Structures are given as structure tokens and as C-alpha cells.
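In my numbering, the protein residues as written are 68 to 287. For every residue, glycine included, the Cβ atom is placed at its ideal position computed from N, Cα and C. Keep in mind that this is a model prediction, so the values were computed, not measured.
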Amino acid sequence: EDLVLGAVGLGSSNDFHKPVRRAVDGIPVRIDAGEAGLRDVIACTWDDGQALAMVSGSVGVTAAANAFFNDGDAVLRALKSRSTLAAILWSALRTLARHRGLHGRVDLPGLEGVPLCIDNLSVLETEWLSGTFRYDTPVDPTDGHLQVDLLEGRGRLGTLVALVALARGRFSGRPGTHCARVRSVTVELDAPAHLELDGELHRARTVRFDVLPRRIRTCP
Numbered sequence: 068e069d070l071v072l073g074a075v076g077l078g079s080s081n082d083f084h085k086p087v088r089r090a091v092d093g094i095p096v097r098i099d100a101g102e103a104g105l106r107d108v109i110a111c112t113w114d115d116g117q118a119l120a121m122v123s124g125s126v127g128v129t130a131a132a133n134a135f136f137n138d139g140d141a142v143l144r145a146l147k148s149r150s151t152l153a154a155i156l157w158s159a160l161r162t163l164a165r166h167r168g169l170h171g172r173v174d175l176p177g178l179e180g181v182p183l184c185i186d187n188l189s190v191l192e193t194e195w196l197s198g199t200f201r202y203d204t205p206v207d208p209t210d211g212h213l214q215v216d217l218l219e220g221r222g223r224l225g226t227l228v229a230l231v232a233l234a235r236g237r238f239s240g241r242p243g244t245h246c247a248r249v250r251s252v253t254v255e256l257d258a259p260a261h262l263e264l265d266g267e268l269h270r271a272r273t274v275r276f277d278v279l280p281r282r283i284r285t286c287p
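Below is the structure:
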């Protein structure tokens, strides 16, 4: 018997639903089992754990901002009650103010073994990152590949500029960016850092992402 995954968008960002094709009382839904199709799944393993993700995984400023979004401060709690977008932006800015980059290596083509200062690494099955942030790199969640978008060596100001561009859907071709379609990618950090998988947070030093091609059937 086939397992079909549907979804109701009750989260803060609902990236799995974007672009929203159907909504019920303003809530995005994916519940049409009759039109379900197979899609890829992200498999992630790290030092002492493993998990699957449908949307994305990240290391760097995005994961750190997600951690802050979950824990927060008084300002964030006030913003959450008024505007999810404002809360996401505050989390990004608050995290960026303390951002230093992660020293490590990423085995993307042309970067194997090269020491990097990783500002952000996203592994995606959608172009949407969070809120209005989205990449301009095409993603096909049925082609058996992962989209990897890396920002490195840009520091606080350069990362801020990249995030502003990302809020407008611009990323590739900018300074410090690397984009690739791969079946797997490994990240080795000099020290443990936040790892984010579909909003769930872990701590990791060595992380491997693999694609499981056309593994689950989902509603459109």
C-alpha cells in the first residue's frame, strides 16, 4: 500500500507549501492525494545522529538564526505575536550581529579540501529558504539531486548584503557564492555548530547530506 504525505501549513514559514497552490481559510494545504507524485528526500547523517528532511538542511547563519528564533528574547517574543515576517527578520539581524563564520571544508566540485570560512550552507529540495528569503537556483525535487548553495568568506557585512539580496530572490553569481547540483555533500567543521533540518536543530561537526531519489509520494 502506498504511503502518501499531505500537509497543512500551520508553521511560521511553511516553505514546503511554496509557492502556495491551494489554501483553506487562508491556511496553505497540500491534501490532493489523487494528484500525488514521487519526490526526493534528503538523508542527513552527522557525528551521533541521522534524520530525513523534505525541504532543506543548513549550517551557518541560517541554522543559528533558526536556533535563536526558537529560543528568542523579549523583542522576538513580542514580534512573534504581531508578525512572523518581522520575527524572522529580527532573528536574522540579531544572529548576524554575532556572526563570525564557521571554519571548515565542503566537498563541492572545485572546493575539495580547501579551508573555508562558511557563512551559510543550504542543502535544498526547494528554492525557498525562510520567509521571503529564496534562492535563484532552479530546484527539481524529482531529479535525484540536491541543490547546494554556499556563501563563504564574506564576514558580517558581506553576509548582510547577501541576505538582503536573498530576500529579493538573488544569490548566484554574487561574491563568495558557490552553487551546485550534487547527489551528496559532506561538511567538516573545525568545531561543532548548529545543524538545521526542516526546522529541527542539532549540534554537529561532520555532516553528510545524501539524496534518496523519488522516495516518497506527496500531495501537490
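Sub-7 Å separation of Thr204 and Asp216 beta-carbons: Yes; because the gap between Cβ atoms is below 7 Å, this pair is in contact.
Beta carbon of Val226, beta carbon of Val108: below 7 Å? Val is not the amino acid found at residue 226; the sequence shown has Thr there. No, they are not a contact pair.
For the 8 Å Cβ check, are there 3 or more pairs between the region 244–252 and the region 175–186? Yes, the region 244–252 touches the region 175–186.
Under DSSP, the beta strand (DSSP E) around Gly104 begins and ends at which residues? Gly104 to Trp113 is the extent of the beta strand (DSSP E) around Gly104.
Any idea if Pro95 is buried or exposed, counting beta-carbon neighbours within 10 angstroms, 16 or more meaning buried? Buried.
Distance between Leu188 and Asp277 (C-alpha atoms, nearest Å): Distance between the alpha carbons of Asp277 and Leu188: 15 Å.
With the cut-off set at 7 Å, would you say Asp99 and Cys286 are in Cβ contact? A contact, by the Cβ cut-off of 7 Å.
Would you list, in sequence order, the uninterrupted beta strand (DSSP E) runs of no fewer than 3 residues that lie entirely inside the region 121–174? Counting whole runs of 3 or more residues, the region 121–174 contains the beta strand (DSSP E) stretches 123–127 and 169–173.
What does the alpha-carbon distance come out to for the pair Val252 and Arg106? Distance between the alpha carbons of Val252 and Arg106: 19 Å.
Classify Thr162 as buried or exposed, calling it buried when 16 or more other Cβ atoms lie within 10 Å of its own Cβ. Counting Cβ neighbours within 10 Å, Thr162 comes out buried, since at least 16 surround it.
In whole angstroms, what separates the C-alpha of Asp265 from that of Gly124? Looking at the two C-alpha atoms, the distance is approximately 6 Å.
What are the boundary residues of the beta strand (DSSP E) that Thr226 is part of? Careful: Thr226 lies outside any beta strand (DSSP E), inside the alpha helix (DSSP H) at Gly222 to Leu233.
Report, in whole angstroms, the separation of the C-beta atoms of Gly220 and Cys184, which I expect to be a contact under 8 Å. Rounded to whole angstroms, the Cβ separation of Gly220 and Cys184 is 5 Å, and the two are in contact under 8 Å.
Between which two residues does the beta strand (DSSP E) carrying Asn187 extend? It spans Leu183 to Leu191 - the beta strand (DSSP E) in which Asn187 sits, taken as one unbroken run.
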